[in-house]
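First to last, the protein sequences are chains A and B. The opening residue of the first sequence carries number 697 in my numbering; numbering runs sequentially from there. The opening residue of the second sequence carries number 260 in my numbering; numbering runs sequentially from there.
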Amino acid sequence: MDMSARPLVEVRDLQVNFVSREANVAAVNGVSFDLMPSEVLCIIGESGSGKSVTMRSILRLHPPRRTVIRGHIRVGDYDILSLSERAMNEVRGAVVSMVFQEPMTALDPVYRIGDQIAETVMRHEGCSHADAMARALELMELVKVPSPERRLRAFPHELSGGLRQRAMMAVALSCRPTLLLADEPTTALDATVQIQVLIMLRKLQRDFGMGVIFVTHDLGVAAQIADKVAVMYAGRIIEYGSVADVLMRPAHPYTLGLLSSTVHGQSRETEIEAIPGSPPDLRHLPPGCSFAPRCKFAIPACSASFPPLVAVGPNHAASCLRVDVVRQDSMALAS
Amino acid sequence: MSTQAQARLEQAPDRGGRAQPMLIASHLKRYFPIRGGVLNRTVAEVKAVDDISFTVLKGETLGVVGESGCGKSTLARLLMHLLPRDSGDIIFDGDAVGQLHGLPLRDLRRNMQMVFQDSYSSLNPRLPIEQSVAYAPRVHGMGRAQAKRTARELLQRVGLRPELFAGRYPHELSGGQKQRVNIARALALNPRMLILDEAVSALDKSVEAQVLNLLGTLKREFELTYMFISHDLHVVQYISDRVMVMYLGQVVELGPVDAIYAHPRHPYTAALLDCRLTVDPATRIETPPLVGDPPNPINPPSGCRFRTRCPHAERICEERMPLLGEWNNRPESHLVACHMVHAGSGHSKAPPGGLH
């Protein structure tokens, strides 16, 4: 990839707090990353790690009155956090679009699939309904929906889960966005359908030259689709690098723990190496490394202040004081 | 058992002996009618469970895999008698269930319990978890104080410190903690068998690993038999002794886990296994092992139900339904419902006739 090119997305020190009368939840605590054009970034993390919140901030989908967002987000030429609501509506769908985990709730149950695709096309390109429907048919063929003419007239509940997810992808791609946000789009699908959707998404991404930010908790899915991987824990990116570096040579104890607790072909005689404990309460984050209480490598210094990102290789960094020790362990795991 | 377990109900005795399977299901059927038209007549049927027979041996873990809509959960509900069956027999440790002179339903529920996928909706939101766990022992005649003691012991056992958690309500717990409560509740009657219906599927990976380890420990400690239903083939491989593969309401392959994972004999099993994702980005899958969604269980294809997605389908597959065959009570036996495996079936890839 051309290293001199300007990144498509720049996120700098993003902080998101959800404030209510009872609590102040620090969901995202200083996230920074770049995404180059036509690059696929996977954000990996467990529930509550802030991965979806980070992504939704790019589209400003959080309720404005209860959310405090600080930091800087740039997509193309748009400074997302300073745009007016009206300008934001031009960005949504046309420049940045999103596919969700549950297509049944993301699609409108009372409109036919074709009308939902056509609506987006008409809204952003100002064409006639007939033209928009022709475009919808094209899109349905693109996402490989069998007998697309018939499916355009179908309501969401008449489609199977896999077809619904494809239809939602057709809506998302309808205005040729430069950035696609995908929030666990294959998690609710069967493994046999999931791999079909992943292969299709990979192909569309290449054909359209889209940048993709893909949120998942499944390391196997990330291995299938990502160029870069960012691992999140308690609202921070704790490891970042190429997919091969992060998944095959992890440098952060949490990434290492995730890999060893993922079941894939371990012997039945031994217990799985699970990460003990549970994630921290985002209302009262500890001052130091948020993973330290669960970490087998932790030393007293870990609880003093949050460790900075340390480079462990070209384009590979982890925020851990003990990367050297962890790396030895992960080398042992790999061999 | 230790003094710790004395507060609990005694586990029911082993009636049939080691060789008697824990559970025998024979020719289970359950069709759901779809009504329509002015007269509200049955216009179609969903064949959710269509003539399924299998056996769960004592002390083993039988893994059940298949895509959504294949009837895994309906099967679990039939076994628990949460749904009435249309036909077929369920025999628990030698006793037919729910028949005259058979095992009464109350005793079956005492011996066999279930853990559901959705850990939140399967707990009563208005009961502190301690009371949820103590509920079943109370129903089965245990005193209030003793039931409470049982509940606290079990919460301790599943890794929730009772002094911290006993008085909490389900909404105050994380997903993993709620699933631990569900497991404690299932164990409250000291059952001999647990049906785990996607019990770890909704959990995060690190929590899933903790719960799987817990299930392993509990199985050894309480001498349990598991039926483990999941769509995650990695997890099923890890936890199961034998595996049953289902497709559209039928069993297509049944055998020891190592044999099935090393040499799947049904094309559907092979395709399912090929869909497993690894964490190595160098091994990306370029062509999907299976195309299309699972067909609708209303009006399934004639003959072999998998033939519409099968790369080896021939005319015989359309004409005749391949049978799984009778199980011979040996754990190592490997059954396949595919014409390619049965000698003399008429499929071009079948072994020559007369060998079997």
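Using N, Cα and C, we set each Cβ at its ideal position, and we do this for glycine too.
Sheet register partners of A:E706 (DSSP bridge): For the purposes of this step, residue 706 of chain A is taken as residue 10 along the first sequence, with counting starting at 1. Per DSSP, A:D730, A:R770.
Tell me whether B:S381 is buried or exposed, calling it buried when 16 or more other Cβ atoms sit within 10 Å of its Cβ. The residue given as residue 381 of chain B occupies position 122 in the second sequence. Around the beta carbon of B:S381, 16 or more other beta carbons lie within 10 angstroms, which makes this residue buried.
So, helix, strand or coil for A:Y929, using DSSP? Numbered from 1 along the first sequence, position 233 holds the residue referred to as residue 929 of chain A. In this structure, A:Y929 counts as strand in the three-state DSSP scheme.
For B:S576 and B:H606, what's the separation of their Cα atoms in angstroms? As a working mapping, residue 576 of chain B is identified with position 317 in the second sequence. As a working mapping, residue 606 of chain B is identified with position 347 in the second sequence. One point to set straight first is that residue 576 of chain B is Cys, not Ser, in the sequence displayed. Cα to Cα, B:C576 sits roughly 8 Å from B:H606.
Could you work out which residues of chain A lie near B:Q469, taking near to mean beta carbons separated by less than 7 Å? Counting from one through the second sequence, the residue named residue 469 of chain B turns up at place 210. Here the neighbours are A970.
Check this for me: beta carbons of B:Q372 and B:P450, under 8 Å apart or not? Numbered from its first residue, the second sequence carries residue 372 of chain B at position 113. Numbered from its first residue, the second sequence carries residue 450 of chain B at position 191. At the C-beta level, B:Q372 and B:P450 come within 8 Å of one another.
Assigned exposure category for A:S824 - 16 Cβ within 10 Å defines buried: Here residue 824 of chain A refers to the residue found at position 128 when the first sequence is read from its first residue. Exposed is the call here.
Buried or exposed (CB count within 10 angstroms, at least 16 for buried), A:T801: As a working note, residue 801 of chain A is residue 105 in the first sequence. Classification of A:T801: exposed, given that the 10 Å Cβ count is below 16.
What do you reckon, are the CB atoms on A:K747 and A:V911 nearer than 8 Å? Counted from its first residue, the first sequence places residue 747 of chain A at position 51. Counted from its first residue, the first sequence places residue 911 of chain A at position 215. Contact flag set, yes.
Please identify the residue among B:V398, B:R385, B:Q390 whose C-alpha is closest to the C-alpha of B:R408. Translated into the one-based positions of the second sequence, residue 408 of chain B becomes position 149. Residue nearest to B:R408 within the set B:V398, B:R385, B:Q390 is B:Q390 (criterion: CA-CA distance).
Backbone CA spacing between B:L549 and B:S499 [nearest angstrom]: Working through the second sequence from its first residue, we reach residue 549 of chain B at position 290. Working through the second sequence from its first residue, we reach residue 499 of chain B at position 240. Going from the Cα of B:L549 to the Cα of B:S499 covers about 24 Å.
Could you tell me which whole beta strand (DSSP E) segments of length 3 or greater appear in the region 332 to 360 of chain B? The beta strand (DSSP E) runs lying completely inside the region 332 to 360 of chain B and spanning 3 residues or more are 346 to 351, given in chain order.
For A:R762 versus A:V715, is the C-beta spacing smaller than 8 Å? To locate residue 762 of chain A, count along the first sequence from 1; it is residue 66. To locate residue 715 of chain A, count along the first sequence from 1; it is residue 19. Contact flag set, yes.
Please list, in chain order, all residues of the same chain as B:T262 whose beta carbon is under 6 Å from its beta carbon, the five residues on each side excluded. Along the second sequence, read from residue 1 onward, the residue named residue 262 of chain B stands at position 3. Confidence at B:T262 is low in this model, with a pLDDT of 44, below 50, so the placement of that residue is unreliable and no value is reported for it.
Is there at least one Cβ from chain B nearer than 8 Å to A:E742's Cβ? Counting from 1 along the first sequence, the entry for residue 742 of chain A is found at position 46. Using a Cβ-Cβ cut-off of 8 Å, A:E742 counts as an interface residue toward chain B, since at least one Cβ of chain B sits closer than that to its own.
Would the region 330 to 342 of chain B count as touching the region 304 to 318 of chain B if we require 3 or more Cβ pairs under 8 Å? Yes, they touch.
Runs of alpha helix (DSSP H) wholly within the region 888 to 966 of chain A (minimum 4 residues, chain order): Contiguous alpha helix (DSSP H) elements confined to the region 888 to 966 of chain A occur at 915 to 921, 939 to 944, 949 to 957, taking only those with 4 or more residues.
Answer yes or no: does any C-beta atom of chain C fall closer than 8 Å to that of A:T750? The structure shown contains no chain C; the protein chains it does contain are A and B.
Contact set between A:L915 and chain B, taken where Cβ atoms lie within less than 7 Å: What you label residue 915 of chain A is simply residue 219 of the first sequence in a count that begins at 1. Taking the beta carbon of A:L915 as reference, the chain B residues within 7 Å of it are V538, listed in sequence order.
Tell me, which residues are paired with B:K437 by DSSP? On the second sequence, residue 437 of chain B is found 178 positions in, with the first residue counted as 1. DSSP lists no partner for B:K437.
Any C-beta of chain B within less than 7 Å: which residues of the region 966 to 990 of chain A qualify? Per Cβ criterion, the list reads E967, I968, A970, I971, S974.
Using the Cβ count rule (16 or more neighbours within 10 Å means buried), how would you classify A:I754? Residue numbering aside, residue 754 of chain A sits at position 58 when the first sequence is read from its first letter. Flag for A:I754 reads buried.
Rounded separation between A:S1015 and A:T958 - CA only: Here residue 1015 of chain A corresponds to residue number 319 of the first sequence, with the count starting at 1. Here residue 958 of chain A corresponds to residue number 262 of the first sequence, with the count starting at 1. Cα-Cα distance, rounded: 22 Å.
For the alpha helix (DSSP H) containing A:M818, name the first residue and the last one. By one-based count along the first sequence, residue 818 of chain A stands at place 122. Per DSSP, A:M818 belongs to the alpha helix (DSSP H) from 809 to 821.
Can you pull the chain A residues whose beta carbon is under 9 Å from the beta carbon of B:E326, in chain order? Your numbering for residue 326 of chain B matches position 67 in the second sequence. Within 9 Å Cβ-Cβ: D886, A887, T888, V889.
Separation of B:E591 from B:H615, as counted between CA atoms: Along the second sequence, read from residue 1 onward, the residue named residue 615 of chain B stands at position 356. Along the second sequence, read from residue 1 onward, the residue named residue 591 of chain B stands at position 332. With a pLDDT of 45 at B:H615, under the threshold of 50, the predicted position of this residue should be treated as unreliable, and no value is reported.
Assign A:M1027 to buried or exposed, taking buried as 16 or more other Cβ atoms, counted over all protein chains shown, within 10 Å of its Cβ. As a working note, residue 1027 of chain A is residue 331 in the first sequence. With a threshold of 16 other beta carbon atoms within 10 Å, A:M1027 falls short and is exposed.
Using only CA atoms, which one of A:L954, A:L943, A:E967 lies nearest to B:R479? Walking along the second sequence from the start, residue 479 of chain B turns up at place 220. Taking only the C-alpha atoms, the option nearest B:R479 is A:E967.
So, for A:V1021: in the same chain, excluding its five sequence neighbours on each side, which residues have a beta-carbon less than 7 Å away from its beta-carbon? On the first sequence, residue 1021 of chain A is found 325 positions in, with the first residue counted as 1. Short of 7 Å from the beta carbon of A:V1021, and not among the five residues preceding or following it, lie these beta carbons of its own chain, in chain order: F993.
At a cut-off of 7 Å, would you count A:V795 as near the ligand GDP, judging by its Cβ distance to the nearest heavy atom? With respect to small molecules bound, the structure shown includes none, and the ligand GDP cannot be examined in it.
Separation of A:G741 from A:V792, as counted between CA atoms: In the first sequence, the residue the question calls residue 792 of chain A occupies position 96. In the first sequence, the residue the question calls residue 741 of chain A occupies position 45. Using only the alpha carbons, I get a separation of about 22 Å.
Identify, in the order they occur along the chain, each residue of the same chain with its Cβ nearer than 7 Å to the Cβ of B:P429, setting aside the five sequence neighbours on each side. Residue mapping note: residue 429 of chain B aligns to position 170 of the second sequence, counting from 1. Exclusion of the five residues before and after B:P429 leaves Y379, L382, P384, I388, K437 as the residues of its chain whose Cβ lies within less than 7 Å of its Cβ.
Where the beta strand (DSSP E) through B:A303 begins and ends: Here residue 303 of chain B is taken as the residue at index 44 of the second sequence, counted from 1. Unbroken beta strand (DSSP E) run through B:A303: 300 to 315.
Look at the Cβ atom of B:R501, then the Cβ atom of B:C597, and state whether they are nearer than 8 Å. In the second sequence, residue 501 of chain B corresponds to position 242, counting from 1. In the second sequence, residue 597 of chain B corresponds to position 338, counting from 1. Taking 8 Å as the cut-off, the beta carbon of B:R501 is found no closer than this to the beta carbon of B:C597.
Is the region 900 to 909 of chain A touching the region 718 to 734 of chain A in the sense that three or more CB pairs, one from each, lie closer than 8 Å? Under the Cβ criterion (8 Å, minimum of three pairs), the region 718 to 734 of chain A counts as touching the region 900 to 909 of chain A.
DSSP three-state call for A:M794: helix, strand or coil? As a first step, residue 794 of chain A must be located in the first sequence, where it is residue number 98. Three-state result, A:M794: strand.
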